[in-house]
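These notes are about the structure you will find just below.
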Amino acid sequence: MLEVKGLSKAFNKVDVLKGIDLSVKKGDVVVIIGPSGSGKTTLLRTLNFLERADAGLAIYDDKEVNFNRVSKKDIQEIRKRTGFVFQNYNLFKNKTALENITEGLVYAQKVPKEEAKVLALKELERVGLVDKQDHYPFELSGGQQQRVGIARAVALKPDIILFDEPTSALDPELIGEVLAVMKGLAEEGRTMIIVTHEMDFAKEVADQVIFMADGYVIEQGSPEKIFKHPQEERTIQFLRRLLPEDYTVYL
Numbered sequence: 001m002l003e004v005k006g007l008s009k010a011f012n013k014v015d016v017l018k019g020i021d022l023s024v025k026k027g028d029v030v031v032i033i034g035p036s037g038s039g040k041t042t043l044l045r046t047l048n049f050l051e052r053a054d055a056g057l058a059i060y061d062d063k064e065v066n067f068n069r070v071s072k073k074d075i076q077e078i079r080k081r082t083g084f085v086f087q088n089y090n091l092f093k094n095k096t097a098l099e100n101i102t103e104g105l106v107y108a109q110k111v112p113k114e115e116a117k118v119l120a121l122k123e124l125e126r127v128g129l130v131d132k133q134d135h136y137p138f139e140l141s142g143g144q145q146q147r148v149g150i151a152r153a154v155a156l157k158p159d160i161i162l163f164d165e166p167t168s169a170l171d172p173e174l175i176g177e178v179l180a181v182m183k184g185l186a187e188e189g190r191t192m193i194i195v196t197h198e199m200d201f202a203k204e205v206a207d208q209v210i211f212m213a214d215g216y217v218i219e220q221g222s223p224e225k226i227f228k229h230p231q232e233e234r235t236i237q238f239l240r241r242l243l244p245e246d247y248t249v250y251l
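Counting from 1, position 22 in the sequence shown corresponds to residue 22 in the working numbering; the numbering is continuous, with no gaps.
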């Protein structure tokens with residue numbers, strides 16, 4: 001479904017992504033972990049062209065694009081294939097939960113308003129927020145806002161949904177409600193790329209785990225391989241810091 005080769009990106013001459021290769025199959029849940037500043041968010045943003053990469057090639061199904069020579073038409077087409085769930089929700093503050101979802105359907109995909117409303121209500125029901133359809137973001141908790149953000153992304157029927165640390169801005173007691181929605185999407189076979197610090201969640205839902213550090217993919221593989229049998233010292237150091245003190249790596 002998606003293959004990326006040699007993806008590179010620098011900000012002010014500082015290399016943030018250094019030749020990233022990535023392969024995602026239809027229905028895969030790919031979880032990206034790693035320390036802050038490793039380039040995880042930048043990777044997601046370049047895949048959706050929220051940031052323009054300096055070099056690299058991407059193949060979305062049968063469509064091949066060169067990151068530094070892509071046309072506006074190609075970007076629009078790729079954005080239709082990729083949904084994005086932001087770290088800080090990015091909801092329209094002057095629009096209700098329902099309107100936040102219908103906006104993209106009506107104006108980006110030209111769906112008739114009544115049909116868009118039916119689709120939006122279906123997605124609000126999926127995330128357990130039909131009763132909040134007329135509420136504005138300031139009337140919702142952080143977890144509820146993020147669930148609206150997920151509903152908005154899913155409503156557009158993207159081929160791949162990109163999640164940028166969707167629980168990092170939430171209070172601890174609200175994290176579970178967002179992860180539950182994401183687990184439901186994984187069980188449906190949705191193709192997702194998720195940047196997260198939630199290690200238990202990664203173990204449970206991921207088909208593939210990617211560990212990034214310093215702009216590189218250091219190691220990748222199944223949850224079993226990465227969490228129990230990592231081969232790289234940098235991966236081991238990261239996991240020992242993040243996981244319980246009794247964590248043991250079985251090399």
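Using N, Cα and C, we set each Cβ at its ideal position, and we do this for glycine too.
Because the structure is a prediction, the values reported are computed rather than measured.
Around the C-beta of residue i, are 16 or more other C-beta atoms found within 10 angstroms, so that it is buried, or is it exposed?
i, result
"Val29", "buried"
"Val118", "exposed"
"Asp164", "buried"
"Glu76", "The amino acid occupying residue 76 in the given sequence is Gln; Glu does not appear at that position. The residue in question, Gln76, is exposed, as its Cβ has fewer than 16 Cβ neighbours within 10 Å."
"Val14", "exposed"
"Gly39", "buried"
"Asn94", "exposed"
"Gln237", "exposed"
"Arg241", "exposed"
"Ala108", "exposed"
"Glu123", "buried"
"Gly83", "buried"
"Gly215", "buried"
"Arg52", "exposed"
"Gly184", "exposed"
"Leu180", "In the sequence under discussion, the amino acid at residue 180 is Ala, which differs from the Leu named in the question. Counting Cβ neighbours within 10 Å, Ala180 comes out exposed, since fewer than 16 surround it."
Is any non-hydrogen atom of the ligand SAM found closer than 8 Å to the C-beta of residue i, if you look at the structure I gave you?
i, result
"Asp21", "This structure lacks the ligand SAM; in fact it carries no ligand of any kind."
Just the C-alpha distance for residue i and residue j, rounded to the nearest angstrom, thanks.
i, j, result
"Asp74", "Arg45", "16 Å"
"Ile150", "Glu232", "34 Å"
"Ile33", "Leu121", "33 Å"
"Lys110", "Val209", "36 Å"
"Ile218", "Gln144", "35 Å"
"Pro263", "Met182", "What the structure shows of the chain is the stretch from 1 to 251, and residue 263 is not part of that stretch, so it cannot be assessed."
"Tyr89", "Val24", "25 Å"
"Leu239", "His197", "11 Å"
What residues match up with residue i in a beta bridge as DSSP calls it?
i, result
"Gly27", "Its beta-bridge partners do not exist; DSSP assigns none."
"Met192", "Val29 and Ile161"
"Leu2", "Val24 and Tyr60"
"Glu204", "According to DSSP, which records beta bridges pairwise, Glu204 is partnered with nothing at all."
"Asn66", "Leu57"
"Thr82", "Ile160"
"Ala10", "Asp15"
"Gly221", "Val209"
"Tyr216", "Ala213"
*Can at least three beta-carbon pairs, one atom from the region 45-63 and one from the region 228-243, be found at a separation below 8 Å?*
No contact exists between the region 45-63 and the region 228-243.
*asked:* Quick check on the DSSP output: what are the complete beta strand (DSSP E) runs of length 3 or more inside the region 112-177, in order along the chain?
replied: For the region 112-177, whole beta strand (DSSP E) runs of length 3 or above, ordered along the chain, are 160-164.
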